[in-house]
Amino acid sequence: MFILSKAHSTKHYRRLASVVILLAIILLLMQYFWHEEPKEVAPIRAKENSPVMVLGPGQMTLPVNDVEVSFSPSDSRLLPSGLATENQQLVINSALLDVINFFLLEQVSTDRVNALRSHLKSVLPPPAYNEAMLIAGHYLDYMKAHDDLLVAHNLGSIGKDITLQGIRRISTWRDQRDRLRRAYLGEAVVQVWYQNDDAQLTQMLNELAQLKDDTLQEKSQDAFSTEEQPSISRPPTWTSKSDESRHDRYVQWVLDKATRSFNSWASTGPQLANRLTGYLNAAGQINQNRQLNFSERTIQIQELLIKSFPVEAERQRARDLMFPTH
């Protein structure tokens, strides 16, 4: 009797063990087919039925899946490095902004966001990659809000002959844009990415306001006798016409950059990338010409640089690409 009971119990436990194993297999299959994505990536995905952001050629939308994109930029030499520290932390610097802008604004691609994602994934360790994609998602939101706000201001074409009223309108736009940046990107990112641009624009608006004020004061002198003329500050004088012309181009570049939409940048960005590539190729040929001595090669490369990039900021970028410090 004891033997029969023991056999019955063994059979019962075997049946129970089979059921447990079957349930475990079902749970594993469910986890495989219904696996959710990591929480770090979710915030940068587009919501279903969300409005599409169109910038230049092609749609710039956040991809709804993590599909790998085989993408080769037109010239990888235009991409800066040094985006992560030794302990795999993201470095939030101007190089990161250059990389994001390169893929989103300076490439001809039908899927620019996935191209950026693919590149960052190839050069960054997972912790830094996740953080970089979160920042890129916030940047895309900022780009859309920036262009909407710029349209509302209706600044139009602005040049050196801007009026005092125009200067005040740009100042108002700048203040509202800065608040927008901080709301979308945060104080730390804004300080690193835009402090130089902000300083340039502030200096330029102050200079233009002073020039307009000087002009008004000069006109008011007609009401005074020669002995009663008040002392006023004078506009800057130039030692040569070329210096004045170079400064005028710089003024126009600062104003254009401050009032440029991301839509227009996306349309013209590839042209700058092509010019940079052309410069690097031509400068490389000069540098390899051993029939010229070092001084001759240096002079020719400098002449090529000035001819290719009339604006100092663009020349500096070309110098950094030709002679990287990292």
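Per this note's numbering, residue 861 is the first one in the sequence shown, and the count goes up by one each step.
The beta-carbon is built from N, C-alpha and C at its ideal position, and this holds for glycine as well.
| Query | Result |
| --- | --- |
| Give me the Cα-Cα distance between K1072 and L994, rounded to the nearest whole angstrom. | 44 Å |
| Rank I960, Q1148 and V1114 by C-alpha distance to the C-alpha of M1003 and give the top, closest one. | I960 |
| Nearest to Y999 by alpha carbon, out of Q967, P940 and V973? | V973 |
| Taking the runs of the alpha helix (DSSP H) that are 4 residues or longer, which of them lie wholly in the stretch 937 to 1005? | 954 to 965 and 972 to 983 |
| Since I1146 and L1165 should fall inside the 8 Å C-beta cutoff, what is the C-beta to C-beta distance between them, to a whole number of angstroms? | That belief does not hold up - the Cβ atoms of I1146 and L1165 are roughly 11 Å apart, past 8 Å. |
| I believe A1126 touches L1010 by the beta-carbon criterion, under 8 Å. Please report the beta-carbon distance rounded to the nearest angstrom. | 14 Å between Cβ atoms; not a contact. |
| Under a Cβ-count criterion, where at least 16 other Cβ atoms within 10 Å of its own Cβ denotes burial, should G1144 be classed as buried or exposed? | exposed |
| Just curious, the alpha helix (DSSP H) that R1037 is in, first and last residue? | L1024 to L1045 |
| Rounded to the nearest angstrom, what separates A955 and E991 at their Cα positions? | 15 Å |
| Starting from Q1176, follow the alpha helix (DSSP H) in both directions and report where the run begins and ends. | E1172 to M1182 |
| Determine the DSSP secondary structure at W1113, reduced to helix, strand or coil. | helix |
| Quick check on the DSSP output: the alpha helix (DSSP H) that includes F1122 runs from which residue to which? | F1122 to Q1148 |
| Under a CB-based cut-off of 8 Å, is K1167 close to chain C? | Considering every chain present, this structure includes no chain C. It has just one protein chain. |
| With three or more C-beta pairs closer than 8 Å as the rule, is the stretch 1106 to 1116 touching the stretch 941 to 958? | no |
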